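Visitor:
Residue numbers (the working numbering): 302 to 480.
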């Protein structure tokens, strides 16, 4: 009965997928699936060798997420959390490696918000090489406009270079270019 009381497991494996303009190499998921009062939920690992979103200038190498997500009956609203690990992330000219953390999410196809706690082993941004970097805060993502906002505490160790980071006029321009 898929309306209520369903419990099962699903494994998804492919050589490649194209989702919303992003190419996903060797995706794999093994999820526990349940439906309670017409509301589906999933729990389990999702991973890929590589995700490339050319239009957004994004590339993820070896992303892994352990999902715990609940959906509305029509699957257009969601909430949950994920433990994440990404070997390497590139967003335009910004890069990070050794990312680990958690991401909470609540929203729909228009706007998703949540808590984010991430640590990176190293990063490169704004002309600076950064050793360990951390962020602990809240985010909002508006899919229609591809707009991400983030508020939180950021930490960094071992910063080398990045003279523009100490010039307030340059810093303001760099922040505007993040979104």
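We put the beta carbon where it would ideally sit given N, CA and C, even for glycine.
Here the structure is a predicted model, which is why all the values come from computation and not from measurement.
How long is the line joining the alpha carbons of residue 350 and residue 344, rounded to whole angstroms?
Guide: 20 Å
Visitor: Taking residue 386 as the reference, give the member of 412, 420 and 445 with the closest Cα.
Guide: 420
Visitor: Are residue 381 and residue 370 close, meaning C-beta to C-beta below 8 Å?
Guide: A contact, by the Cβ cut-off of 8 Å.
Visitor: Here's the rule: buried if 16 or more other CB atoms are within 10 angstroms of the residue's CB, otherwise exposed. What is residue 444?
Guide: exposed
Visitor: By the 10 Å Cβ neighbour count, where 16 or more other Cβ atoms means buried, how is residue 480 classified, buried or exposed?
Guide: Because residue 480 sits at a pLDDT of 45, beneath the cut-off of 50, its placement in the model cannot be relied upon, and the following sentence gives the value as read from the coordinates. When all chains shown are included, residue 480 counts as exposed.
Visitor: Is residue 305 helix, strand or coil when you go by DSSP?
Guide: coil
Visitor: Excluding the 5 residues preceding and the 5 following residue 337 in the sequence, name in chain order all residues of the same chain whose CB lies nearer than 7 Å to its CB.
Guide: 305
Visitor: Would you mind reading off the limits of the beta strand (DSSP E) that contains residue 326?
Guide: 323-326
Visitor: Among 335, 334 and 356, which has the Cα closest to the Cα of residue 324?
Guide: 356
Visitor: Excluding the five sequence neighbours on either side, which residues of its own chain have a C-beta within less than 7 Å of the C-beta of residue 451, listed in chain order?
Guide: Here the set comprises 438 and 440.
Visitor: Once you ignore the five residues that flank residue 334 on each side, which residues in its own chain have a CB closer than 8 Å to its CB?
Guide: 307, 308, 309, 310, 311, 341, 342 and 343
Visitor: Helix, strand or coil: how does DSSP classify residue 357 here?
Guide: If DSSP states are grouped into helix, strand and coil, residue 357 belongs with coil.
Visitor: Quick check on DSSP: helix, strand or coil for residue 474?
Guide: Because the pLDDT of residue 474 is 49, which lies under 50, any placement of that residue in the model is unreliable, and the number read from its coordinates should be weighed accordingly. Looking at residue 474 - three-state DSSP - the assignment turns out to be helix.
Visitor: Please report the distance separating the alpha-carbon of residue 322 from that of residue 412.
Guide: The alpha-carbon atoms of residue 322 and residue 412 are separated by roughly 19 Å.
Visitor: Using a 10 Å radius around the Cβ and a threshold of 16 neighbouring Cβ atoms, would you call residue 373 buried or exposed?
Guide: Classification of residue 373: exposed, given that the 10 Å Cβ count is below 16.
Visitor: Once you ignore the five residues that flank residue 377 on each side, which residues in its own chain have a CB closer than 8 Å to its CB?
Guide: 409 and 410
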